[in-house]
Each structure stands twice: as C-alpha cells, then as structure tokens.
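J.: The letter at position 162 of the sequence shown is residue 255 when you use our numbering, and the numbering goes up by one with no holes.
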Amino acid sequence: MKLILPTPDIPDEAPFKYCLFERKPFGDALINLIQNSEDELIISLDAKWGEGKTTFIKMWQGLLNCEQNKIPNIYINAFENDFNDDPFIPIAGAIIDYAKNANLNHTGILDKAKGIGTLLSSLAANYTIQKISFNTIDDLDDMKEKITEVLSDTAINVLEERLTSYSGEKELIKSFKEILTKISEGNNSKGDNEENKKPLIIIIDELDRCKPSYAVALIEKVKHIFSTKNVFFILVMHKEQLIEALKCVYGQGLDASTYLQKFIHIETTLPKKQAESNISYSDITKYCDHLYKSHALNKYQGLNQPRGLDDIKNIANHLGLSLRQMEKIFILLTLYFGSFPNNENGFQRQTTPSSLIVLLTVIKITEPILYSGLANKTTTYDAIYEEYRFSEMEKNNSTFYIQKIIYYALLSDSEFSGLVADDINSNKTGIHQWAERLGSNRKNIIPSIISKINTFTPSV
94 MKLILPTPDI
104 PDEAPFKYCL
114 FERKPFGDAL
124 INLIQNSEDE
134 LIISLDAKWG
144 EGKTTFIKMW
154 QGLLNCEQNK
164 IPNIYINAFE
174 NDFNDDPFIP
184 IAGAIIDYAK
194 NANLNHTGIL
204 DKAKGIGTLL
214 SSLAANYTIQ
224 KISFNTIDDL
234 DDMKEKITEV
244 LSDTAINVLE
254 ERLTSYSGEK
264 ELIKSFKEIL
274 TKISEGNNSK
284 GDNEENKKPL
294 IIIIDELDRC
304 KPSYAVALIE
314 KVKHIFSTKN
324 VFFILVMHKE
334 QLIEALKCVY
344 GQGLDASTYL
354 QKFIHIETTL
364 PKKQAESNIS
374 YSDITKYCDH
384 LYKSHALNKY
394 QGLNQPRGLD
404 DIKNIANHLG
414 LSLRQMEKIF
424 ILLTLYFGSF
434 PNNENGFQRQ
444 TTPSSLIVLL
454 TVIKITEPIL
464 YSGLANKTTT
474 YDAIYEEYRF
484 SEMEKNNSTF
494 YIQKIIYYAL
504 LSDSEFSGLV
514 ADDINSNKTG
524 IHQWAERLGS
534 NRKNIIPSII
544 SKINTFTPSV
C-alpha cells in the first residue's frame with residue numbers, strides 16, 4: 094500500500110520536465126513579460142486552494158535559477174510568517190538575507206529597514222491609528238478634520254506628531270526604495286545594457302492561507318514600501334479568498350475587487366485544461382492517472398478494472414474537483430481497500446461495486462453534511478441528485494452506473510418493489526440484480542461502507 098505521495102521531482106536543468114499539466118510555456122511567458130517590462134510590476138497569480146500553485150512556483154523558481162536565465166529571486170511563504178503583526182519585517186528580512194548571500198552591500202538597506210520598522214511600530218501604538226491604511230499617508234491632511242471626531246485626545250496628539258514628521262518619513266521610504274533598486278541591480282555587470290539587466294523577482298506564496306489582517310497589510314506594504322524600479326512581485330493567491338479578507342478587515346460594504354486593483358498591476362490565472370468534449374485531455378484526468386499509479390490502486394479488486402478508474406475520472410471532471418480534493422479521495426480509497434486482508438491470489442475481492450465506494454469517498458470530501466446524513470439514513474437520493482447535478486451527466490458514460498447504484502441503495506423496500514419492469518430493464522439490469530440480491534440489507538449497505546471508510550481518516 095502506497096499512502097504518501099513523493100515530493101515532485103524538479104530537476105535543476107529542466108524544472109518542468111515532470112510537470113503533469115504542461116505549464117512551462119506559461120512559465121516562459123511570465124518570465125518574458127517581466128524581462129520586457131520597463132515598469133516595476135506587482136503581478137497576482139490566482140488559483141483556488143489546492144490547484145497546484147506552490148508546485149508551479151517551485152518549478153518556475155527553478156526556471157528562474159537555471160543556466161539560461163539566472164534571474165535573481167526571493168521566495169517568501171507568507172503563511173509561515175503571519176505570526177508577525179507586521180509583514181514588513183519578514184519581507185525586509187528576506188531581502189537583507191538575499192543581499193548577504195549574494196555578497197551585496199546590505200548595510201544601507203538594513204539601516205533604512207530599521208528606520209521604517211520603527212516608524213511602522215509607532216503607527217501601531219494606538220489601535221485606532223493602526224486602522225489607517227498606509228496608502229492613506231498622502232491624504233492625512235485632508236483626513237484630519239474627518240477623523241478628529243472619533244479619535245481620543247491621545248490619538249490626536251500622535252496624529253499631530255505624524256503630520257509633523259511626514260516629510261522625513263517620505264524621504265525615509267524614498268531612500269529605502271533607492272537602496273532596494275541598487276540591490277536589485279547588484280548582480281548585473283557594469284557593462285550590461287538595459288536589455289541585458291536582470292530584474293529581482295520577489296515571490297510571495299500562500300497569501301490565501303494567511304489571517305485576513307496580515308494578508309491585507311502585506312499587499313498594502315508591497316505596493317507602498319517595496320515596489321520600486323527593477324523589482325517585481327509575484328503574489329500567489331486565491332483572489333476570491335483575498336477579497337473576503339479585505340471585507341473582513343474593512344467591512345462588507347467595501348468594493349473589495351476594485352480596492353485590490355489599486356495594488357496589483359497585472360492579474361493572471363494558473364492555466365489548466367478543462368474537460369470539454371473529451372475528458373481524456375483534462376488536467377483532472379491526468380492527475381487521476383498519476384494518483385492511481387502513485388497509490389498502486391491497480392492491485393485492488395474493484396479498482397483494477399477500467400471501470401474503477403473511469404468512475405473516478407468521470408465524477409471528478411463532472412464536479413471540477415481540485416487537485417487537493419482528488420489527493421484526499423485517493424488516500425481514502427487507498428486506506429479503504431488497503432485495510433482488507435490479502436493472500437497469494439491478491440487482495441480480497443469486494444462484493445460491493447467499487448462505483449459506490451468511489452462516490453461515497455467523493456461525498457465525504459466535498460459534502461460532509463450529506464455524507465453524515467447518508468451514515469444515519471437521513472440523506473435522500475433527491476438531495477444527492479441535486480447537489481451533484483446528476484441531470485447534467487451523459488447517459489453514455491459510467492457516471493450513469495454510479496447514479497443507479499446509489500439510487501437503488503437508497504430506495505425503501507416499497508419503492509424498490511414498486512419499480513416497473515420496463516424501468517428496471519432500461520436502467521441496466523445488472524445493477525438491479527445486485528440490489529435485489531442484497532434484499533433488506535440494501536438499505537444498510539451505504540452506512541456499512543461509510544463505517545469502513547471512517548475507520549481510518551487521513552490528516553492531510
């Protein structure tokens with residue numbers, strides 16, 4: 094039994110060699126866009142959680158580092174640093190570490206970073222003033238009268254001090270940006286012309302996993318403190334989730350999508366091939382094949398036939414499951430079938446159709462409330478039919494087989510016995526015969542399978 098997936102192999106000389114989803118052309122295009130740009134850019138890379146953003150970024154970072162590119166880059170995992178109240182610290186720290194490792198003069202930026210860190214700390218001293226976004230610094234004079242009514246006397250004094258030191262702070266940030274630009278150009282040879290100069294790319298990953306206040310503060314500081322000539326930011330995120338984070342911080346009335354556009358110059362989405370007329374070429378199908386092989390599911394009776402894998406592919410494409418969801422489903426299937434005894438003839442043959450087991454693992458991962466209802470016999474077939482859009486499934490693929498299995502399993506005895514012969518014959522007699530053999534136990538088969546599935550639950 095193979096439970097743990099191996100870490101993706103990313104060869105130094107060909108980082109995208111084992112990319113299942115053929116994303117190297119997209120990676121090349123992203124590099125070309127940055128190298129051809131004369132502006133400092135903040136680029137967002139959008140995809141849902143579990144769609145492979147981090148794996149792509151690791152491969153893309155390998156592409157940046159390879160011999161033909163050698164583009165300086167910094168990787169920051171935002172989620173690992175959101176215990177800090179201020180995202181300025183980990184970003185500045187990563188840049189200083191980069192400068193040290195590249196044998197560049199980092200003293201200047203260290204001094205300026207200390208100054209800005211002190212400045213930001215003073216801003217956070219009063220919780221009311223902390224709520225003033227850094228991007229409003231240019232509007233402090235205009236805002237003073239509006240906020241006087243709601244600030245305490247202490248806060249007013251702090252604000253007066255901020256206005257007095259405003260010019261010095263602007264100069265501090267300007268100096269910080271100038272030094273950051275020099276660091277970004279530090280790996281370029283003196284004889285390099287503008288076309289040959291390498292940018293510094295800063296990748297910030299896992300934004301969608303951060304606490305909302307930290308994620309919002311991070312994108313604001315990237316824009317107003319770190320964005321400068323020859324420095325490019327790639328913000329890896331799930332845009333919908335970041336929009337919700339903005340609303341959480343600034344209120345549900347915020348036009349969060351428009352607000353986010355203030356901080357991002359270019360938006361792009363992680364490419365993926367969808368199932369259209371032929372699911373054989375979709376990314377979901379490719380990943381199903383990969384997981385099936387990686388978990389060695391071909392040795393289990395019920396999954397070692399074409400229908401077993403086809404069931405998974407069809408329903409995964411139909412629902413548009415994420416890569417992470419599919420990983421969890423395949424682990425559940427591995428645990429389920431791997432918990433049966435094996436002998437010299439292979440693993441014990443299953444009398445329960447594998448299609449039903451597959452569907453129940455999918456329901457467990459995607460709709461836990463419906464899954465619990467199936468366990469205690471309160472979920473109806475109509476609820477499953479509606480939630481999983483069975484009406485959209487074509488009758489010429491194996492998902493029709495899945496529908497009928499769960500349909501017969503959920504019928505009451507009176508409903509089942511009342512089925513007319515023509516309906517039974519038109520809906521695959523083999524399934525009906527299976528249900529008929531079970532008799533009254535037919536109603537207990539789903540809770541029984543669920544009990545077995547629940548015996549071992551992966552923590553991933």
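Ideal placement from N, C-alpha and C gives every residue a C-beta, glycine not left out.
Please classify residue 373 as buried or exposed, where buried requires at least 16 neighbouring CB atoms within 10 angstroms.
T.: exposed
J.: If you drop the 5 nearest sequence neighbours on each side, which residues of the same chain put their C-beta closer than 8 angstroms to that of residue 453?
T.: Result list for residue 453: 464, 467, 539, 542, 543 and 546, in chain order.
J.: Does the Cβ of residue 115 have 16 or more other Cβ atoms within 10 Å, making it buried, or fewer, making it exposed?
T.: exposed
J.: Can you tell which of 126, 127 and 394 has its C-alpha closest to the C-alpha of residue 434?
T.: 394
J.: Provide the residue span of the beta strand (DSSP E) that contains residue 168, from first to last.
T.: 166-170
J.: Quick check: the Cα distance between residue 479 and residue 190, rounded to an integer number of angstroms?
T.: C-alpha separation (whole angstroms): 54 angstroms.
J.: Taking residue 311 as the reference, give the member of 290, 321, 335 and 291 with the closest Cα.
T.: Taking only the C-alpha atoms, the option nearest residue 311 is 335.
J.: Three or more C-beta pairs closer than 8 angstroms, one from the segment 170-178 and one from the segment 350-362: is that the case here?
T.: no
J.: Can you confirm whether the segment 119-137 touches the segment 149-160 when touching is taken to mean that 3 or more C-beta pairs between the two stretches lie within less than 8 angstroms?
T.: Yes: the two stretches touch, three or more of their Cβ pairs being nearer than 8 angstroms.
J.: Please specify which runs of the beta strand (DSSP E), each continuous and at least 3 residues long, are wholly inside the segment 117-159, giving them in chain order.
T.: 135-139
J.: Quick check: what's the CA-CA separation for residue 325 versus residue 303?
T.: 21 angstroms
J.: Under three-state DSSP, which class holds residue 486?
T.: coil
J.: Nearest by alpha-carbon distance to residue 319: which of 267, 475 and 329 is it?
T.: Relative to the Cα of residue 319, the nearest Cα in the group 267, 475 and 329 belongs to 267.
J.: Determine, using beta-carbon pairs with one atom in the segment 179-198 and one in the segment 400-410, whether at least three such pairs fall under 8 angstroms.
T.: no
J.: Sort 423, 290 and 105 by Cα distance to residue 129 and report the nearest one.
T.: 290
J.: Looking at residue 293: is its Cβ nearer than 8 angstroms to the Cβ of residue 138?
T.: Judged by beta-carbon spacing, residue 138 lies beyond the 8 angstroms limit of residue 293, meaning their Cβ atoms are not closer than that value.
J.: Can you tell me whether DSSP reads residue 522 as helix, strand or coil?
T.: With a pLDDT of only 49 at residue 522, under 50, the local geometry of the prediction cannot be trusted, and the value read off the model is given with reservation. The answer is helix: DSSP assigns residue 522 an H, G or I state.
J.: Compare the Cα-Cα distances from residue 551 to each of 297, 426, 314 and 338 and report the closest residue.
T.: 426
J.: What is the residue span of the beta strand (DSSP E) that residue 293 lies within?
T.: 293-298
J.: Measuring alpha carbon to alpha carbon, tell me which of 344, 278 and 450 ends up nearest residue 494.
T.: 450
J.: Residue 160 to residue 105, Cα distance in whole Å?
T.: 9 angstroms
J.: Keeping to the same chain, check which residues put their C-beta closer than 6 angstroms to that of residue 457; ignore five residues upstream and five downstream.
T.: 464
J.: Of all the alpha helix (DSSP H) runs that stay within the bounds of the segment 303-337, which reach a length of 4 or more residues?
T.: 305-314
J.: Leaving out the 5 sequence neighbours to the left and right, which residues in its chain are closer than 6 angstroms to residue 95 when beta-carbon positions are compared?
T.: Taken in chain order, the residues that qualify are 388 and 389.
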